[in-house]
Structures are given as structure tokens and as C-alpha cells.
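Enquirer: Okay, here's the structure, questions in a sec.
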Amino acid sequence: MCLSETGVNLEHLLLQENDAPDGLYSLLSLEQKREAEDFIFRRPLRCLDMLSTEGSFTFVASRPQLACATFVIAEPSEVIGLELSDVNIDCRAGDFIKMFDGWVLKGEKFPSSQDHPLASHQRYTDYCSSSAAGSSSRSSQNVAMVFFRIHGEDSGFTLTVKKLHNPFPCNIMSQSPEGSFTMVMPHQRRNCSFSIIYPVEIRLTELSLGQAKSSGDYVELLGGNGVDTSHMFPVADLCFSLSGLAQMKIGCDNSVVRLVSSGNYINRVSFQYRLLDRDTLPKAPENSLDNFFFSGQ
5 MCLSETGVNL EHLLLQENDA PDGLYSLLSL EQKREAEDFI FRRPLRCLDM
55 LSTEGSFTFV ASRPQLACAT FVIAEPSEVI GLELSDVNID CRAGDFIKMF
105 DGWVLKGEKF PSSQDHPLAS HQRYTDYCSS SAAGSSSRSS QNVAMVFFRI
155 HGEDSGFTLT VKKLHNPFPC NIMSQSPEGS FTMVMPHQRR NCSFSIIYPV
205 EIRLTELSLG QAKSSGDYVE LLGGNGVDTS HMFPVADLCF SLSGLAQMKI
255 GCDNSVVRLV SSGNYINRVS FQYRLLDRDT LPKAPENSLD NFFFSGQ
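Take 5 as the starting number for the sequence shown in the numbering used here and just add one per residue.
Printed below as a string of C-alpha cells:
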């Protein structure tokens, strides 16, 4: 069911509430920003954590921690570099540290397997499989994550997060329910999604696509409750260029603008988005089609 009066709580998408006493968006809002280029921000890492800034984060187990995850998010025009150091775990006893190129939420992957350039198994970097090759990872988009399991007391590691400029951002998770963005795909056969984990109103301000409707280039607007675009409901397809304003309301927990490119053209889509007010969300009857999505001017 896509309609929501309160928006979405990312914590609810990740784990059951009793598994995470602190909301992940609270952790995100409390993240400190660097004040100088030569300053390295340092703080302890929690079993369930959200990182939005560069720095050095150290985890030390005070008891067995068997299901931990760190979600890392950067600006839309950035990718993320992750590096492990001072690792003190026992891989033979079942400990592990795995870095993932993207996010996994409730069993769904972002970006989806259809949109990511790597096969699913290639998106994991496993420290225990090869310490030399598995100590660093670089994301393909502005989100990445680390899974880890540690049994021994006082065992742990340090995670260093760096952000790198991405000239052609593709597959973006928005940190905010309001903003604007332009996706450009220059002669590449690739699909790019801009995901907003809120019910929003989206306004397309510019769309430049392939010359013919049969070129295979188009923009999808999607809505759903997960993060995998292949499991979401299509709200609208646009396969022609426009310079005017097209407006759509998507009353789902996750709203997505997805650009599909054949590789034969330079495709470009510009859009604005803002959070839907509670009063804007309709009261739809149970089991109605409107419970999945609604759209309109």
C-alpha cells in the first residue's frame, strides 16, 4: 500500500523497531560536518549506524554482535570510498566484514540488479575471503553499506569513509524530501534511478530524449514501498522530449524518477520534488487501486 500520511521512516524499512532504538534519520541529522580540510572526523561506530560525512569510525565489540549494518550516504554528485584498517576479527570463528556497493533494505537492493553495472555477487567485497583485496571498496553511486558480525569481546575494526566527485551521477538515493536534480546519460546504454524515500510531488522541468519514440529511451515515474525499482508500480512513462512543466503526485513510501537510455543519444531529465502535505494525501478506501498510487496535476 503506497498511501501514507506520515511519510516513511527509514528505520522501519531496515529493521523492526525493537532492533534499533535510535532512528537512522536521527543519526543522520546528528552527523557532524568537517570544519576544515585537514580535520579528520572521528567517532565510535555503532552496530546499526548511518554515516553521511567523511571520517574515521571505529567499532569495538563489548559483547557478541551478530547482525550489524552501517549505511553510508553522500551527496548525489559523489561516490563513496570505504577502507578497513586495524581489523581484529576471527574469520575462522564466523566473524565477517562485507562491504556492499549500494544498500540492502528489507531484502531489496538499491540500485536494482537491472540498473547496476555489476552482477549482484560482484557488488560484495568480503574482508575474510581475501584480506589484501577485501580491505577497500568504492561505490558506483552515492550510497554504500557495510555488514559485519563479530563474536569476540574487544574485537573490531576502523572504517574510513571518503567521498569522491562523480561527473555523471546515476542511481541516487536522496537525503532530503525536497530538492531538484538533473540526470544526464551521455551515449551510454544504462538505466539511472533517482530515489526519494517519501511521498512527493515531482515536477519535470526539462526532458531531452532520443529522436524517435521507438529508440528505447524514456523516463519512468515509479512508486512503491521498497527500494528495488523492478518491484515498484509504474505511475507514468514519458518517451518524448518536453520543455514545459509536467507534474505528478506519488503517494508512496518511495518515489522514483528512472531514466532508461539506449546509448544512442545524450538523454537529460531535470526535475523538482517536494514532500506531499498530510492534507494532500487522499483517504482512499481499503483495497482500492488508489492504495497503490495516485497521480495528477
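Built from N, CA and C at the ideal position, the CB exists for glycine as well.
Nothing here was measured: the structure is a model prediction, and the numbers come from that model.
#1: Can you give the Cα-Cα distance for Gly156 and Leu70, rounded to whole angstroms?
#2: Going by the beta-carbon positions, is the gap between Val76 and Val165 smaller than 7 Å?
#3: Excluding sequence positions up to five away, which residues of its chain have a Cβ less than 6 Å from the Cβ of Ser81?
#4: So for Cys51, helix, strand or coil by DSSP?
#5: Contact between the stretch 263 to 279 and the stretch 175 to 190 is defined here as three or more beta-carbon pairs at a separation below 8 Å; is this criterion met?
#6: Span of the beta strand (DSSP E) holding Leu86?
#7: For a test of the three-state rule: what should DSSP assign to Thr186, helix, strand or coil?
#8: Between which two residues does the beta strand (DSSP E) carrying Thr233 extend?
#9: So is Gly98 buried or exposed if we call it buried at 16+ other beta carbons inside 10 Å?
#10: Should Leu249 be labelled buried (16 or more other beta-carbon atoms within 10 Å of its own) or exposed?
#11: Give the straight-line distance between the Cα atoms of Ser144 and Lys253, rounded to the nearest whole angstrom.
#12: So Ser159 and Ile93 are in contact, right, with Cβ under 8 Å, and what is the actual spacing, rounded?
Expert: Judging by the given coordinates:
#1: As a position in the sequence shown, residue 156 is number 152, starting the count at 1. As a position in the sequence shown, residue 70 is number 66, starting the count at 1. Rounded to whole angstroms, Gly156 and Leu70 show a C-alpha spacing of 10 Å.
#2: The count along the sequence shown starts at 1 and reaches residue 76 at position 72. The count along the sequence shown starts at 1 and reaches residue 165 at position 161. Taking 7 Å as the Cβ cut-off, Val76 and Val165 qualify as a contacting pair.
#3: On the sequence shown, residue 81 is found 77 positions in, with the first residue counted as 1. Shown here for Ser81: same chain residues with a beta carbon closer than 6 Å to its own, the five before and five after excluded, namely Asn170 and Pro173 in chain order.
#4: As a first step, residue 51 must be located in the sequence shown, where it is residue number 47. Here Cys51 sits in coil by DSSP.
#5: By the C-beta criterion, the stretch 263 to 279 is judged to be in contact with the stretch 175 to 190, since at least 3 inter-stretch pairs fall below 8 Å.
#6: Numbered from its first residue, the sequence shown carries residue 86 at position 82. Taken as a continuous stretch (DSSP letters only), the beta strand (DSSP E) holding Leu86 covers Glu82 to Asn92.
#7: Stepping through the sequence shown from its first residue, residue 186 is reached at position 182. Three-state result, Thr186: strand.
#8: Residue 233 sits at position 229 when you count from the first residue of the sequence shown. For Thr233, there is no enclosing beta strand (DSSP E), as DSSP marks it with neither H nor E.
#9: Start at 1 with the first residue of the sequence shown, and residue 98 comes out as number 94. Exposed, since its Cβ has fewer than 16 Cβ neighbours within 10 Å.
#10: The residue labelled residue 249 in the question sits at position 245 within the sequence shown. Exposed, by the Cβ-count rule.
#11: The count along the sequence shown starts at 1 and reaches residue 144 at position 140. The count along the sequence shown starts at 1 and reaches residue 253 at position 249. Each residue's CA atom was taken as its position, placing Ser144 and Lys253 some 29 Å apart.
#12: Numbered from its first residue, the sequence shown carries residue 159 at position 155. Numbered from its first residue, the sequence shown carries residue 93 at position 89. Here Ser159 really is in contact with Ile93; their C-beta atoms are around 5 Å apart, less than 8 Å.
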